[in-house]
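Peer 1: Handing you a structure now.
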Amino acid sequence: MHPQIVRDGPGNCPICGMALEPRTTRATETPTPELADMWRRLVVSIPPTLLLLGFAMAEMFGWRPFTWLNWLELVIATPVVVWAGEPFFVRGWASLRNRSLNMFTLIALGVGVAYSFSVVATLAPGLFPVDFRNHHDSVGVYFEPAAVIVMLVLVGQVLELRARAQTGSALRALLNLQPKLARRLEQGAERDVPLGEVLVGDVLRVRPGESVPVDGVITEGSSAIDESMMTGESLPSEKGTGDQVTGGTVNQMGGFLMRAERVGNDTLLAGIVRLVGEAQRSRAPVQRLADKVSSFFVPSVVAAAVLTFVVWALVGPEPRLAYALVNAVAVLIIACPCALGLATPMSVMVGTGRGARAGVLFRNAEALERLGRIDTLVVDKTGTLTEGHPAVLRVVTLGVKSEDDVLGVAAAVEAASEHPLAGAIVRAARDRKLSMPAVTRFQSVTGRGATGEVDGTTVAIGNRALLEERGISTGVAETLASPMRAEGQTVIFVAVNSAVVGILGVADPVKSTAVEALHELAAEGVQVMMLTGDSGATADAVARKLGITAFEAEVLPDRKADVVKGLQRDGHFVGMAGDGVNDAPALAQADVGIAMGTGTDVAMESAGVTLVKGDLRGLVRARHLSRATMRNIRQNLFFAFAYNLLGVPLAAGVLYPVSGWLLSPMLASAAMSLSSVSVIANALRLRHLKL
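Position 74, counted from 1, in the sequence shown is what the working numbering calls 87; the numbers after and before it change by one each time, with no gaps.
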């Protein structure tokens with residue numbers, strides 16, 4: 014509840030009195046010291062408490078087995094109240110010492126008053142007026158309610174601590190994805206080594222069915238990788254030589270060799286666990302409401318209990334003081350604000366964990382709360398709506414050579430070039446498994462293209478300016494190139510022996526999932542605006558493909574932040590999605606920054622939300638989760654407020670004049686414990702939220 018409280022070991026929060034949560038999550042769920050202690054105290058308290066209940070039931074039927082029963086109950090109840098209830102008195106006293114009244118203040122007051130009254134009544138009954146005496150001529154004692162309250166609060170604490178442990182199930186599931194061993198190649202041999210011994214550059218073998226040990230790149234072989242726990246996508250991803258693989262994902266079919274590139278705390282999985290842990294310890298803005306209420310709630314309850322005592326003592330039925338004491342204790346117990354304190358942090362912990370399983374990482378609870386409120390999404394084009402790297406989209410021939418021949422001869426020349434467009438041509442040829450003959454007399458012409466000789470033929474690859482310099486006419490090829498340019502593609506002419514034989518259309522392809530994501534966002538009423546540093550023609554082509562009507566081209570990094578500011582001035586709640594260093598200022602300026610996990614670290618550091626796979630469909634899932642979590646928090650707060658608003662008057666006895674019905678402190682204690690458990694159970698429903 015209060016992340017600013019940090020201790021070296023287990024203990025209690027000095028503000029709310031609850032057990033502190035570990036800062037790190039272990040792969041296996043182990044009982045916490047607090048849970049073990051509460052369980053031990055509960056087990057010990059049950060037999061004597063049941064015995065006290067038996068005595069109370071006997072008295073209800075008019076049978077009092079011993080004249081000295083008060084003394085026997087004192088002996089039986091003292092270990093339960095003093096030893097089993099000791100944590101509640103310690104926390105209650107700490108709340109007074111720290112001037113931070115909380116639920117344990119009320120529990121300690123309620124149990125302490127009932128027990129202290131009973132002790133005095135047993136040791137010195139003559140101090141009490143006749144009004145306090147029953148038909149056995151002894152003073153009524155409340156050892157049984159005091160013991161039962163302690164036992165029921167212990168039950169509530171055990172259930173609460175167990176439920177709180179379940180909120181880390183998503184992180185434990187992620188941690189368990191990482192294997193304990195990796196199979197490393199060492200001088201031709203293979204040996205299983207602990208994961209901690211794997212170093213950057215090590216070559217590892219991953220067999221079918223095994224988890225990928227660390228982040229790296231495939232150097233030999235291919236497979237289908239199950240990345241569902243990292244990205245939320247159920248379909249496996251096809252991976253081959255040169256593709257990146259992530260530690261913790263599962264190799265489904267083929268075996269492969271990989272080179273380790275990020276190990277230990279530098280892996281994506283370790284970063285996810287670290288980020289989710291930090292988010293779970295952060296506070297949502299809505300928590301301020303609960304904090305504000307709690308600041309005056311406990312004093313108000315104490316005042317209500319005092320008022321209850323005074324009213325019953327003045328106008329209640331005989332024995333007035335006995336009724337006054339019992340009802341005042343019931344008010345103190347039933348009004349414990351534990352449910353109010355748990356309402357927000359439990360939902361945040363479960364919600365951020367659920368997001369991690371769906372490939373959505375929230376930097377803090379504030380981002381989780383705010384994401385569902387965005388009405389305008391500003392999107393960077395490159396790497397967000399598009400793949401972020403050029404690819405050959407079309408190969409057009411002029412009838413002399415086949416598509417494969419044109420692409421093959423172009424790739425043979427471009428294999429010697431370091432230009433990004435050259436890399437796209439080479440990748441396209443490799444995807445088609447084309448042979449690339451050796452090139453001789455290679456020459457790169459800056460801003461125009463490249464030339465070389467392949468199998469005794471002279472090849473020129475580049476733009477129209479390159480061909481014109483060499484006296485090669487583009488002719489019909491230029492006509493074929495016009496519609497490709499209209500689609501935002503970069504046109505590359507391929508000429509062999511001074512004649513154009515084909516055209517390549519190269520562009521940054523639109524992500525296959527972008528159309529679906531944008532359609533869903535539009536259906537939810539989110540306006541989308543695209544920003545890009547590319548030319549107007551390219552921006553227009555991409556916008557038309559995606560159905561985006563608002564876009565701005567040739568935008569500099571500082572201009573992106575200005576656009577976000579302008580939308581905010583117009584009253585919009587703005588989300589900004591991007592993946593590059595140039596997007597960082599706009600990501601920081603936006604109400605919610607959304608970074609692609611496939612982008613730069615700077616972008617992810619500037620954003621409140623990270624989509625692990627870099628897929629905008631993850632944003633749709635994140636918005637659904639944000640709204641569901643906030644709905645869950647509101648439900649919890651309603652339950653907590655409604656419970657206290659209803660419970661305090663009932664415990665004070667407002668129904669007694671009409672129905673003669675009173676709420677005993679024991680029932681108040683049971684209701685208080687159940688209210689906390691119900692809030693936690695409601696928060697845990699988020700674990701199974703369908704996204």
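The beta-carbon is built from N, C-alpha and C at its ideal position, and this holds for glycine as well. All values reported here derive from a predicted model rather than from experimental measurement.
#1: Identify which residue in Arg477, Arg440, Gly591, Thr389 has its Cα closest to the Cα of Val539.
#2: Helix or strand or just coil, what does DSSP make of Gly515?
#3: Do Ala318 and Val344 come within 8 Å of each other at the CB atom, strictly closer than that value?
#4: In terms of alpha-carbon separation, which member of Gly631, Ala696, Asp583, Asn264 lies closest to Glu529?
#5: Just the Cα atoms here: how many angstroms apart are Val514 and Thr470?
#6: What do you get for Pro330, buried or exposed, if any count of 16 or more other CB atoms within 10 angstroms of its CB means buried?
#7: Rounded to the nearest angstrom, what separates Val458 and Asp239 at their Cα positions?
#8: Assuming Leu55 contacts Val161 (C-beta within less than 8 Å), just tell me the rounded distance between them.
#9: Thinking Leu663 and Ala527 are a contact (beta carbons under 8 Å), I'd like their distance in whole angstroms, please.
#10: How would you call Trp674, buried or exposed, if buried means at least 16 neighbouring beta carbons within 10 angstroms?
#11: Assuming contact is defined by CB atoms lying nearer than 8 Å, are Asp547 and Lys305 in contact in what I supplied?
#12: Can at least three beta-carbon pairs, one atom from the segment 488-506 and one from the segment 351-365, be found at a separation below 8 Å?
#13: Would you identify the three-state DSSP class for Ala404, choosing helix, strand or coil?
#14: Compute the Euclidean distance between the alpha carbons of Ala425 and Gly436, then round it to the nearest angstrom.
#15: Check the DSSP bridge columns for Leu270 and list the partner residues they point to.
#16: Less than 6 Å between C-beta atoms, sequence neighbours within five positions excluded: which residues of the same chain meet that for Phe455?
#17: Where does Val413 fall in DSSP's three states?
#18: Residue range of the alpha helix (DSSP H) that Lys558 falls in?
#19: Indicate whether Glu427 and Ala463 have their beta-carbon atoms separated by less than 8 Å.
#20: Which whole-angstrom value describes the C-beta separation of Met359 and Ile120, a residue pair presumed to lie in contact below a C-beta threshold of 8 Å?
#21: In angstroms with no decimal places, state the Cα-to-Cα distance between Gly396 and Glu565.
#22: What are the start and end residues of each continuous beta strand (DSSP E) run of 3 or more residues lying completely inside the segment 342-378, in chain order?
#23: For a minimum of 3 consecutive residues, which ranges assigned as the beta strand (DSSP E) are wholly contained in the segment 91-120?
#24: Give a yes or no on whether the C-beta atoms belonging to Ala601 and Val507 are separated by under 8 Å.
#25: To which residues of the same chain is Arg467 closer than 7 Å at the C-beta, ignoring the five residues directly before and after it?
#26: Note down, in chain order, each residue of its chain lying with its Cβ closer than 6 Å to the Cβ of Gly475, except the 5 sequence neighbours on either side.
#27: Just the Cα atoms here: how many angstroms apart are Arg110 and Met543?
#28: In three-state DSSP terms, what is Glu567?
#29: My assumption, with CB atoms under 8 Å, is that Asp228 sits in contact with Thr259. Please give the rounded CB distance.
#30: Taking all protein chains shown into account, do 16 or more other C-beta atoms lie within 10 angstroms of the C-beta of Lys446, making it buried, or fewer, making it exposed?
#31: Between Arg634 and Leu384, is the Cβ-Cβ spacing less than 8 Å?
#32: Taking the beta carbon of Asp628 as the centre, do at least 16 other beta carbons fall within 10 Å, making it buried, or is it exposed?
#33: Helix, strand or coil, according to DSSP, for Ala40 in the structure here?
#34: Provide the residue span of the alpha helix (DSSP H) that contains Pro207, from first to last.
#35: Leaving aside the five residues before and after Leu650 along the sequence, list all residues of the same chain whose C-beta is less than 6 Å from its C-beta, in chain order.
#36: At what residue ranges does the segment 404-492 contain a whole run of the alpha helix (DSSP H), taking only runs of 4 or more?
Peer 2: Inspection of the coordinates gives the following:
#1: The closest CA to that of Val539, considering only Arg477, Arg440, Gly591, Thr389, is found on Thr389.
#2: Here Gly515 sits in strand by DSSP.
#3: Less than 8 Å separates the beta-carbon of Val344 from that of Ala318.
#4: Checked all of Gly631, Ala696, Asp583, Asn264; the closest Cα to Glu529 is Gly631.
#5: If you draw a straight line from the Cα of Val514 to the Cα of Thr470, it comes to about 13 Å.
#6: Exposed, because fewer than 16 other Cβ atoms sit within 10 Å of the Cβ of Pro330.
#7: Going by the C-alpha atoms only, they are around 44 Å apart.
#8: Taking C-beta atoms under 8 Å as the contact rule, Leu55 and Val161 fail to qualify, at a distance of about 12 Å.
#9: About 56 Å separates the two Cβ atoms, so there is no contact after all.
#10: Taking all protein chains in view, the Cβ of Trp674 is surrounded by fewer than 16 other Cβ atoms within 10 Å, so the residue is classified as exposed.
#11: Their beta carbons are not under 8 Å apart, which means Asp547 does not touch Lys305 by this criterion.
#12: Too few Cβ pairs lie closer than 8 Å, so no.
#13: DSSP places Ala404 in the strand class (E or B) of the three-state scheme.
#14: Each residue's CA atom was taken as its position, placing Ala425 and Gly436 some 11 Å apart.
#15: The partner list for Leu270 (beta bridge, DSSP) reads Arg218, Glu233.
#16: For Phe455, where only same-chain residues beyond five positions count, the Cβ hits under 6 Å are Ala429, Gly465.
#17: Here Val413 sits in coil by DSSP.
#18: Here the alpha helix (DSSP H) through Lys558 covers 549-559.
#19: In this structure, Ala463 lies closer than 8 Å to Glu427 by Cβ.
#20: That pair is no contact at about 20 Å.
#21: Between Gly396 and Glu565, the C-alpha separation is close to 16 Å.
#22: Within the segment 342-378, the complete beta strand (DSSP E) runs of at least 3 residues are 373-375.
#23: The qualifying runs do not exist here; there are none.
#24: No.
#25: A small correction: the amino acid at residue 467 is Val; Arg does not occupy that position in the sequence shown. The answer, listed in chain order, is Val422, Ala425, Val426, Pro450, Val452.
#26: For Gly475, where only same-chain residues beyond five positions count, the Cβ hits under 6 Å are Arg461, Gly462.
#27: Spanning the two alpha carbons is a distance of roughly 56 Å.
#28: Here Glu567 sits in coil by DSSP.
#29: Rounded to whole angstroms, the Cβ separation of Asp228 and Thr259 is 6 Å, and the two are in contact under 8 Å.
#30: In the assembly as shown, Lys446 is an exposed residue. Its beta-carbon has fewer than 16 other beta-carbons within 10 Å.
#31: Contact flag unset, no.
#32: It counts as buried.
#33: Unreliable positioning characterises Ala40 in this predicted model, as indicated by a pLDDT of 49, which lies under 50. The coordinate reading is nonetheless provided below. Correct three-state label for Ala40: coil.
#34: From DSSP, Pro207 is part of no alpha helix (DSSP H) but of the beta strand (DSSP E) over 202-207.
#35: These residues qualify, in order along the chain: Ala356.
#36: DSSP runs (the alpha helix (DSSP H)) wholly in the segment 404-492: 416-427, 433-444, 477-482.
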